[in-house]
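Participant: Dropping the structure in here first, questions after.
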Amino acid sequence: MNNLQQKAQQLLESGNYGLIVGYEKGTSGKARPVFIRKAEHASKLIFDESCDQNIAVYLYRQEIKHDKKKVIVANHHTLKSIVELAAENQVFDGDFMVLAFAENGDIIELNTFKEIEKHVATLYHGLTEAEAAMMKKIEDMSLEDRWAFWENEFSKCIKCYACRASCPMCYCPTCTVEINQPQWISVPSHTLGNLEWHVMRAMHLAGRCVTCGQCGKACPLELPIQLLTYKVALDSKQFFDSVAGTSICADNALAIYKPEDHENFIR
Amino acid sequence: METNNTNSFEPKVVAFVCNWCTYAGADLTGTSRIKYATNVKIIRFPCTGRIDFMLLMKAFANGADGIIISGCHPNDCHYTSGNFHARRRWMIFRNLLDFIGMDVNRIVFSWVSAAEGAKWAEVVNESVDQFRQLGPATAYQKLIKNSEFQEVE
Ligand code: SF4
Ligand code: SF4
Numbered sequence: 001m002n003n004l005q006q007k008a009q010q011l012l013e014s015g016n017y018g019l020i021v022g023y024e025k026g027t028s029g030k031a032r033p034v035f036i037r038k039a040e041h042a043s044k045l046i047f048d049e050s051c052d053q054n055i056a057v058y059l060y061r062q063e064i065k066h067d068k069k070k071v072i073v074a075n076h077h078t079l080k081s082i083v084e085l086a087a088e089n090q091v092f093d094g095d096f097m098v099l100a101f102a103e104n105g106d107i108i109e110l111n112t113f114k115e116i117e118k119h120v121a122t123l124y125h126g127l128t129e130a131e132a133a134m135m136k137k138i139e140d141m142s143l144e145d146r147w148a149f150w151e152n153e154f155s156k157c158i159k160c161y162a163c164r165a166s167c168p169m170c171y172c173p174t175c176t177v178e179i180n181q182p183q184w185i186s187v188p189s190h191t192l193g194n195l196e197w198h199v200m201r202a203m204h205l206a207g208r209c210v211t212c213g214q215c216g217k218a219c220p221l222e223l224p225i226q227l228l229t230y231k232v233a234l235d236s237k238q239f240f241d242s243v244a245g246t247s248i249c250a251d252n253a254l255a256i257y258k259p260e261d262h263e264n265f266i267r
Numbered sequence: 268m269e270t271n272n273t274n275s276f277e278p279k280v281v282a283f284v285c286n287w288c289t290y291a292g293a294d295l296t297g298t299s300r301i302k303y304a305t306n307v308k309i310i311r312f313p314c315t316g317r318i319d320f321m322l323l324m325k326a327f328a329n330g331a332d333g334i335i336i337s338g339c340h341p342n343d344c345h346y347t348s349g350n351f352h353a354r355r356r357w358m359i360f361r362n363l364l365d366f367i368g369m370d371v372n373r374i375v376f377s378w379v380s381a382a383e384g385a386k387w388a389e390v391v392n393e394s395v396d397q398f399r400q401l402g403p404a405t406a407y408q409k410l411i412k413n414s415e416f417q418e419v420e
């Protein structure tokens, strides 16, 4: 048994904790989320590079929402999302404990939002080199090429909404896509409606996306839709100095304003 | 819509304006008998803060070639801060549209107060000229056509 598994076993045996949300080995070398309630199952837990899924999304799911004393094993994406969910009052201080990892692999226990926030401040916020290169590739295209690129991508979307389900920040009980009076987003999937859906998703995540990339990873058709929310995230930083997932008391960039906000296109 | 009997393209333009400033300003344009392009259909909103970006998307989806958005100057909002919120939203929205390859020159943003009847005429005329130069929104029209085909099926 490794440190994490031992720790988990102790926590469950102590009776102080009833549920551990973490990762287990899945198929084809991938990790998948696991929910452990019994100490003897603690040996299922793993934590390595394959554990890149953002599992903060489970924290407020109905099925476990009312489980008292939860523990969540968190990678850096999950940590940032917890901070942003805390800022938006979707999770509550003291409801769960976070097990994070130091660079050397040591387990760090984080019990309060303040501790989580402090730990997250030590993490890197921003796109990876590969992600930044993808953004640049698209931004360097001509307008026509960008349109052709996205038209092709949007045409593939089947509106399964896996991207939405996987994103910790998409927690509205009734999403605009389910509203049909008026019908904002068409039910059948065609390029026009899909484009509208993706513009809407990105706009609703402005100043809230923690650039974890989970939405893109969840897409069964591998649409690079995370780039759309990265775009609004980068702009929120550039225009409003707002970076989601850094502060437990920050206001969302589009819910506040400054009289001196500067643009150059309004005549 | 009036066309001047030539083959020149006349853009369909929708203007989303706020009740308190630009709508009153546009009224003043009329009462001052200043002529301006007839291409524009004005839709009145309580406030620029109420102009959801999805309304713009729907205008394009219904065949608009260009859109004008206008409201009270900063610090003049009837509800104090609606236009400040709207400004932030547009800053993000405009860049996002550009990122997906839409020509943001098809949307004109302006502040027109209730006293600026002449400015409204100018904004509309210049916008319509701009949209005319850009030509019909063919890229978008292609998507509209495909969507209709699918929905009938
Ligand atoms: S990258 Fe995608 S999944 Fe992650 S926070 Fe942003 S929108 Fe949500
Ligand atoms: S996960 Fe992919 S296919 Fe499903 S709705 Fe999102 S973008 Fe479309």
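Top to bottom, those sequences are chains V and L. My numbering numbers the first residue of the first sequence as 1 and each following residue consecutively. My numbering numbers the first residue of the second sequence as 268 and each following residue consecutively. The C-beta atom is built at its ideal place from N, Cα and C for all residues, glycine as well.
(1) Taking C-beta pairs closer than 8 angstroms, name the residues in chain V that L:Ser348 reaches, listed in chain order.
(2) Grouping DSSP H, G and I as helix and E and B as strand, with all else coil, what is L:Trp287?
(3) Between the segment 107-117 of chain V and the segment 205-220 of chain V, are three or more C-beta pairs nearer than 8 angstroms?
(4) Do you know whose CA, among V:Arg267, V:Ile107, V:Arg32, V:Val57, lies nearest V:Asn2's CA?
(5) Looking at ligand 2, does it come within less than 7 angstroms of V:Ile256, judged from the CB to the closest heavy atom?
(6) Taking 7 angstroms as the cut-off, is the beta-carbon of V:Pro168 closer than that to any non-hydrogen atom of ligand 1?
(7) Can you name, in chain order, every residue of its own chain whose Cβ lies under 6 angstroms from the Cβ of V:Leu59, other than the five neighbours on each side?
(8) Would you check if the distance between the CB atom of L:Val391 and the CB atom of L:Tyr303 is smaller than 8 angstroms?
(9) Could you have a look at L:Ala404 and say whether DSSP puts it in helix, strand or coil?
(10) Here's a check: name, in chain order, each residue in its chain whose Cβ is nearer than 8 angstroms to the Cβ of V:Asn264, leaving out the five neighbours to either side.
(11) May I ask which residues mark the beginning and end of the beta strand (DSSP E) holding V:Val120?
(12) Could you confirm whether any beta carbon from chain V is found closer than 8 angstroms to the beta carbon of L:Pro341?
(13) Checking 8 angstroms against the spacing of the C-beta atoms, do V:Leu45 and V:Gly22 come in under that value?
(14) Do you know how far the Cα of V:Ser242 is from the Cα of V:Asn252?
(15) Short of 7 angstroms in beta carbon distance, which residues of its chain neighbour V:Ala244, apart from the five on each side in sequence? Order them along the chain.
(16) Anything in chain L within Cβ reach of V:Leu254, meaning under 9 angstroms, just list it in chain order.
(17) Can you grab the Cα-Cα spacing for the pair V:Trp197 / L:Asn413, in whole Å?
(18) Check V:Leu227 in the structure and name its three-state DSSP category.
(19) If you drop the 5 nearest sequence neighbours on each side, which residues of the same chain put their C-beta closer than 7 angstroms to that of V:Ala162?
(20) Would a check of beta-carbon distances place L:Ile367 closer than 8 angstroms to chain V?
(21) In the DSSP assignment, what residue or residues form a beta bridge with V:Glu109?
(22) With distances taken Cα to Cα, identify the nearest neighbour of L:Thr405 among L:Gly338, L:Gly333, L:Ser377.
(23) Pull the bridge partners of V:Lys70 from the DSSP assignment, please.
(24) Since V:Pro33 sits in a beta bridge, which residues does DSSP pair it with?
(25) Taking 8 angstroms as the threshold (C-beta atoms), are V:Asn54 and V:Ser81 in contact?
(26) I'd like to know whether the C-beta atoms of L:Val281 and L:Ala293 end up nearer to each other than 8 angstroms.
(27) Using CA coordinates, which residue listed in L:Gln397, L:Thr315, L:Ile336, L:Arg355 is at the minimum distance from L:Asp343?
(28) With respect to 7 angstroms, is the separation between the Cβ of V:Gln226 and the closest non-hydrogen atom of ligand 1 below this value?
(29) Between the C-alpha atoms of L:Ser348 and V:Arg37, what's the straight-line distance to the nearest angstrom?
(30) Run down chain L in chain order and give the residues with a C-beta less than 8 angstroms from the C-beta of V:Arg201.
(31) Which ranges does the alpha helix (DSSP H) cover as unbroken runs of at least 4 residues, wholly within the segment 186-259 of chain V, from first to last along the chain?
(32) From the DSSP output, in three-state form, read off V:Leu299 for me.
(33) When you measure from the CB of V:Asn54 to every non-hydrogen atom of ligand 1, does any distance come out below 7 angstroms?
(34) Once DSSP output is grouped into helix, strand and coil, what is the label at L:Gly338?
(35) Would you say the beta carbon of V:Gln214 is closer than 7 angstroms to some non-hydrogen atom of ligand 1?
Facilitator: So, from the listed chains and residues:
(1) Tyr257
(2) coil
(3) no
(4) V:Ile107
(5) no
(6) yes
(7) Val91
(8) yes
(9) In the structure shown, L:Ala404 sits in coil (DSSP, three-state: anything other than H, G, I, E or B).
(10) none
(11) It is not in any beta strand (DSSP E) - V:Val120 instead sits in the alpha helix (DSSP H) that spans 113-120.
(12) yes
(13) yes
(14) 8 angstroms
(15) Closer than 7 angstroms at Cβ, skipping near neighbours: Glu84, Gly207, Arg208, Cys209, Val210, Ala233.
(16) His352, Arg355, Arg356, Ile359
(17) 16 angstroms
(18) helix
(19) Ala218, Cys219, Pro220
(20) yes
(21) V:Leu99
(22) Closest option to L:Thr405, Cα to Cα, is L:Gly333.
(23) V:Leu19, V:Phe96
(24) Note: V:Pro33 sits in a beta bridge opposite V:Tyr23.
(25) yes
(26) no
(27) For L:Asp343, the closest C-alpha among the options L:Gln397, L:Thr315, L:Ile336, L:Arg355 is that of L:Thr315.
(28) yes
(29) 49 angstroms
(30) None at all; the shortest Cβ gap to chain L is about 11 angstroms.
(31) 191-204, 214-218, 226-240
(32) The question about residue 299 of chain V has no answer, for chain V in this structure spans 1 to 267.
(33) yes
(34) DSSP places L:Gly338 in strand when its eight states are reduced to three.
(35) yes
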